Amino acid sequence: MFVRIFTTLNQFPKTILLAVLVLSAFFFVQARDGLFDSETGRLRINSTVEPFIERDSGAYQQFLDARKAFGSEEVVVIALHNTEKKPIGLEFIVTLGHLKSDIETTVPGITKVLSMLDIPQASGECAGKSYFHQMGIGSVCFSVVEKYEQDISCLNSTASSSTPDTEESLEESLEESLEESLAENIDDATGLQPETETPEDTVSDCSLINSAASSEKLRIEAETEINKIVSSLKNHPLFEGDVLSRNLSTAALIISFSPGSKPESDNTQTILKGLLSKYQKNSEVAESLRIAYAGQPRQINKASRLIRQDMALILPLSLMLIVVVLLIAFRSIRAVIVPLSVVLFGILWTAGIIGLIGDQLNLVTMACAPIIVCVGSAYVIKFLNQYQIESLQIREAKESGVPQPTISEVVYATLSSVTVPVTVTALTTVAGFIALVVSPIPAVQQLGLYSSVGIIFINLFTLTLAPALLHFFRLPDLAPTENKSGLLDRFFQVIVEWLRLYSKRLIWIWLTVAAFAALGMFDLSINSSTNTFPKDSQLVKDLKLIEEELSGTDTLRLLFSAGNESRNKQDLSYNPLKTAKTIFGLKELQDWLFQVKDVTEIGNIEGLRIDKMHSPVDVLQHYRRGLDKLSDKEVVQFFDKTAENGPKFLSDAEDVMQVTLRMRSNGSTAFLELRDLLLQKVPELLPHLQFSYTGGSVLSSESANNIAQGQINSVFLALVIVFVILSILFLSWKMGVIALFPNVITILIFFGSLGWLNIPIGVTISVIAAIALGIGVDDTIHFLSHYNENAKKLRNKRKASLKTLPIVARPMIFSTIALSAGFILFVQSEMESQVLFGAFTAFTLLVCLAIDMTYLPSVVMETGLITVWDYVGLKFDEQFIEGIDLFQNMTVREAKIASLMAYTKDLEKGTLLFTQGEIGDEMYVVLSGSISIFLDKNEKRTDLVRLKKGNTFGEMGLFRKAERSANAEASEKTRLLVVNRDCLEPLKKRNPKIAAKLFLNLAHRLQSSLKETDERLLKQKEFDLTSLEAKLNANENLEQTEISIEPADFWEKLGKKWRRIIMSYCESHSIMSGKKITKFNAKIGDYLFITSGEVEIESKVSAKSDTFSVGYCWTRKDFDLIGEFSLCTGNADSAAQAIARKDSTLLQITKTDLLSLTQEEPRISVQFIENLVCILSDQLAIANKRVQDQ
């Protein structure tokens, strides 16, 4: 039914193409509007941390609340570095001030720009003013920098001013300053202004400048003052590491942005870069000035630009390489159009769905395009290869002169072959990706969802768009089978020969490689490294300079709030955050972080350097000159005074305190180790407060590690899901393991290689396993589906496997080479993560190809399989199986599986199945029609029997490889079930219960045949007593030559445990020497074994005599089966009698007992009953020989 849907749809190729084009136009609009910026036309990529933060947890909401309360942490640090390593001087400070002013006026979204010019003095004449302010005339504080610039401006001014006016101006200025000073003193007296406030700066008047002053003199004076000020700031806790380096050679600007701004946008970054470039070139100190800037916004912007750049360059080049490989593979430009169309339409439709939903691409969902390219190329290349194979087979099947097959015929045949396996492959791969949707991280959810959508689209296009295009772009025909002599065909011949000779060895080689790779997984680590960009990039150089001269740009926000006990206090004005206890606790935390008193656990974190802790401690300690005898009242006053102009540590509601750590880390692991230590230590130091943490860096580290770990977990979950599907597909969990194992080996080698090479698993690399799983499952299912078809035709799993390989290897090689060549181009990317992604994806795909071409055929040669679509296709019911000897006591399901483990053979009327004297190795069951068994001697045909539905024949050939005793021919159109050793062995291993029932039915048939043969022998003719000795010797020799299994050996090899279990289902009898065995109620299906002693079966001398004699007898001993005891009833009409020649012990097991053993102990039962069948076949062969001799 499912196949019929697509075969029917493809009768209308033009309609399919029209529908695809119309829907593609719709999805194009959705993709354009949803994924591209309407102004710039660029692809919008969300490079922030938000897609990686778990939405359902409180962490994300806390992140937003902290941003709202304290502003965005996405700061940009601009460093002005003196390359001569000297302390910064006047020109640097002037440049710093001008740059700060320009940034504040031109860069959008800025809330604050902090520099060393902004930090106020704690005490002194100019308390409250910056450290670059000094007391001037009239007790007015002025900025040394501003005064110098004003003085230079006055000197350079062309405006003329007379000397008499100078004294007047000076007098007026003094009067104004005096008035302002008096006004401020009045304010101070009334308490309207904080005590730390100083008079406002006055703008220097040009009239105050000494006319004899020169610009050089002014510069030297200002330079001297600046040097004093800068030197005094050395080791200052409010400056060091933030706005001034320890060696005083670097000054910094710290730019903060409003929560709604987009500092990572191209517009903001372009403006900022332009300003910095201008100052770098035009500054007065340009020769010794190095301007660097860093921060998360710059990294986000750079990552977005590089990703767009990679997509704009590498993706087209990858597709071009794929096109080249396809041209080489199919030698036709038309063959390229089909897969390229399928892949491009698949990407377009998936992009349209993303745009329709309203999501943006991020660093994880960017992998959707490579996944679709991989899976789409693999699917459609296999479809095209099958199309060419079907076309060739149809042409070869047609006689010369018959018109060539039409495209519709070939498309129909191709769809009939590939629809089910392609769809099953797609569903299996989707099941693996859909497992990602359960992840709490949005980026992972989106990857699973959109990859699944893309694969579904690709599957749909492979079965509709590709066949429709083939009506207009005809593929070149394959060369006839006998003419294949190209390089690739010779390569396949070499591989096939290796598989034929060394299949088991190849299995062990791959298992060894997998084990070695698994050892590497013990060194596997998860770490989303910050080393995304190349070391020689300007971004990395700038970041390195800032981290070395100032502080790290990674931040961690520590949030404190009142505990439950504090909330219960009756004094509503009491705030535990504004207490000396809290300040002292923070001081202990700071000492612990910086290992002031002793080496702490912080020193054990590799790749972490904590540079600054922004907290009330340093500010209080500086302004108060220590924390001795600090009181709660002082702490409250401190927070009240800093609420407006000072650094903000409390939220507006004063219910949350923020402490910020600035640090340098080499990856997410260091961040998370610090987090874990803080969660342990902070409650010890500040037990009265509740503690939490937030920040983009730590949350992205958590999410990145969760993504990487989640991807690993999801891959293994996907393996479980795929295993279940494959087990259902092949109707056996063991075959599910076999079909899945090539993919397991690939993933083990991938992860093991990362471990051996010490490459940590990051967000991008973790996606590779999912890609490998999708390709691996695709190759596996296609190989097994083709193998299944060949196994039915050849009835030999080794031959079927070897024939399948060249058929499926050709598209596997072409698709893998095309994809690997495309992915290897990612090594040209500037992003380390992209380089690793491309290289390891190509490597993993090649490993997957090698395994699928060597391990998979080898393991299939040693097993065999059936598929669920074969199972469904069998129209068995209870009435049908009741008429089949071989299926007695089986359910419909068991009969189907037994049939599918064997092979079917269809014969037209008059077709000869085998001839007399031919060595047989197969047994047959008539499923429909009939078979004539006949002898052909002297060109005279003698029909012996006509076997109808349900009859079994040829079992002696199966178990003994005996010569066929007659000819077999189809009397009408007939279908046979063919059973050989090649299918019995897998059945025993995978379904021992079914195999045991099958052997039991064979044993019953052989037992009946043995009884009939023995009776025919005993009634055939009279015996000649004179030749008694010769007959006995002949019978003994006959038994030795015809025995294929020694009963005593088989019993011993079962082992004590199994023998004990078997005997528990049997009834034991002791017979004294000379006694007849007559008390057993003999029935077909019951079996009697002799475990010790000796029993002889005597026949009557002649049909006319009622006396028994040893004239013709069989002797059973050494755990032999007394197969003839059913003849020995002890009645007057008995043809034989059984006598114990020694004291003997007999073991009787009934048909019911054997069925119970089969049900409860299938593995023991199948081995026991198979040996029983072998013994019966030996005895039947001997009986048949005796009949012929007589």
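Note that our numbering gives residue 1179 to position 1174 of the sequence shown, counting from 1, and the numbers run on in steps of one.
From the three backbone atoms N, C-alpha and C, an ideal C-beta is built for every residue, glycine too.
Treat the numbers as computed from the prediction; the structure is a model and nothing was measured.
Legend entry - Cβ-Cβ distance between S1073 and L1152 below 8 Å: yes
Inset, instruction - Count the other C-beta atoms from every protein chain shown that fall within 10 angstroms of the C-beta of P169, then say buried if there are 16 or more, exposed otherwise. - result: For P169, the predicted model reports a pLDDT of 46, less than 50, meaning its position is unreliable and no value from the coordinates is stated.
Inset, instruction - State the DSSP-derived secondary structure class of R251, mapped to helix, strand or coil. - result: In this structure, R251 counts as coil in the three-state DSSP scheme.
Legend entry - Cα-Cα separation between L854 and S656, rounded to whole angstroms: 59 Å
Legend entry - Given 8 Å, three or more beta-carbon pairs between the region 824-836 and the region 355-367: no
Inset, instruction - Spell out a yes or no on whether the region 434-448 and the region 489-505 are touching, meaning 3 or more CB-CB pairs, one atom from each, closer than 8 Å. - result: Contact fails between the region 434-448 and the region 489-505, because fewer than three Cβ pairs, one in each stretch, are under 8 Å apart.
Inset, instruction - Over the uninterrupted alpha helix (DSSP H) stretch that includes S853, give me the two end residues. - result: According to the sequence displayed, residue 853 carries Cys and not Ser. It spans E837 to M866 - the alpha helix (DSSP H) in which C853 sits, taken as one unbroken run.
Inset, instruction - Leaving aside the five residues before and after I924 along the sequence, list all residues of the same chain whose C-beta is less than 7 Å from its C-beta, in chain order. - result: Excluding sequence neighbours, I924 sits near K966 and E968.
Legend entry - Residues that DSSP places opposite E1072 in a beta bridge: Q1153
Legend entry - Boundaries of the beta strand (DSSP E) in which E497 is found, first to last residue: In the sequence as presented, Glu is not what sits at residue 497; that position holds Phe. Taken as a continuous stretch (DSSP letters only), F497 belongs to no beta strand (DSSP E), being part of the alpha helix (DSSP H) at L492 to G525.
Inset, instruction - Counting only the same chain and skipping the five closest in sequence on each side, list residues whose C-beta sits under 6 Å from that of M928. - result: Cβ within range, chain order: G959, E960, L963 and V984.
Inset, instruction - Quick one: using the 10 Å Cβ neighbour count with 16 as the cut-off for buried, is A256 buried or exposed? - result: buried
Legend entry - Endpoints, the beta strand (DSSP E) within which F565 is located: D559 to A567
Legend entry - Contact set for V1115: own chain, Cβ-Cβ below 7 Å, skip 5 residues either direction: Its pLDDT being 44, under 50, V1115 is placed unreliably in this model, and the value from its coordinates should be taken loosely. These residues qualify, in order along the chain: E1103.
Legend entry - Where A291 sits in the DSSP three-state scheme: coil
Inset, instruction - With a threshold of 7 Å, establish whether the CB of K910 neighbours any heavy atom of the ligand GTP. - result: The model depicted lacks the ligand GTP and carries no ligand whatsoever.
Inset, instruction - Would you decide whether L511 is buried or exposed? Buried here means 16 or more other CB atoms lie within 10 Å of its CB. - result: Of the other Cβ atoms in all chains shown, 16 or more fall within 10 Å of the Cβ of L511; this residue is therefore buried.
Inset, instruction - Take the Cβ of N272 as the centre, count every other Cβ of all protein chains shown within 10 Å, and call the residue buried at 16 or more, exposed below. - result: exposed
Inset, instruction - Evaluate the contact criterion for the region 979-999 versus the region 886-906: three or more CB pairs, one atom per stretch, below 8 Å. - result: yes
Inset, instruction - Starting from the C-beta of A423, find all residues in its chain whose C-beta is less than 6 Å away, skip the five residues before and the five after it, and write them out in chain order. - result: Rather than Ala, the amino acid found at residue 423 in this sequence is Val. Once the five neighbours on either side are set aside, the close Cβ partners of V423 are F388 and Q391.
Legend entry - Paired residues, beta bridge with A36 - DSSP: None, per the DSSP bridge assignment.
Inset, instruction - For the region 1183-1190 and the region 1006-1020, state whether three or more C-beta atom pairs, one from each stretch, are separated by less than 8 Å. - result: yes
Legend entry - For Q126, the nearest candidate out of R1191, H241 and T12 (CA to CA): Closest in alpha carbon position to Q126, among R1191, H241 and T12, is H241.
Legend entry - Three-way DSSP call (helix, strand, coil) for D882 in this model: coil
Inset, instruction - Report back the beta-carbon spacing between N1006 and T469 to the nearest angstrom; my notes put them in contact at under 8 Å. - result: About 47 Å separates the two Cβ atoms, so there is no contact after all.
Legend entry - For F3, the nearest candidate out of L691, F478 and E553 (CA to CA): Here the chain comprises residues numbered 6 to 1195, so residue 3 is not present and cannot be evaluated.
Legend entry - Reduced DSSP secondary structure (H/G/I, E/B, other) of M371: helix
Legend entry - Assumed close pair F975, L918 - CB separation to whole angstroms, cut-off 8 Å: Looking at the sequence provided, one finds Ala at residue 975 rather than Phe. Confirmed, Cβ separation roughly 7 Å.
Inset, instruction - Give the straight-line distance between the Cα atoms of L326 and D784, rounded to the nearest whole angstrom. - result: 21 Å
Legend entry - DSSP state of N109 mapped onto helix, strand, coil: The identity of residue 109 in the sequence shown is Glu, whereas the question assumes Asn. Helix, per DSSP.
Legend entry - Residue interval of the beta strand (DSSP E) (run including E927): E927 to S933
Inset, instruction - Please confirm if R295 has its CB atom under 8 Å from at least one CB of chain C. - result: The structure shown has no chain C; it contains just one protein chain.
Legend entry - Same chain, Cβ closer than 7 Å to V1171, five either side skipped, listed in chain order: K993, P997, A1000, A1001 and F1004
Inset, instruction - Answer yes or no: do L810 and L516 have a C-beta to C-beta separation smaller than 8 Å? - result: With a cutoff of 8 Å on beta-carbon distance, L810 and L516 are scored as not near each other.
Legend entry - Reduced DSSP category for G672 - H, G, I as helix; E, B as strand; rest coil: strand
Legend entry - Those residues which DSSP pairs with P125 across a bridge: S135
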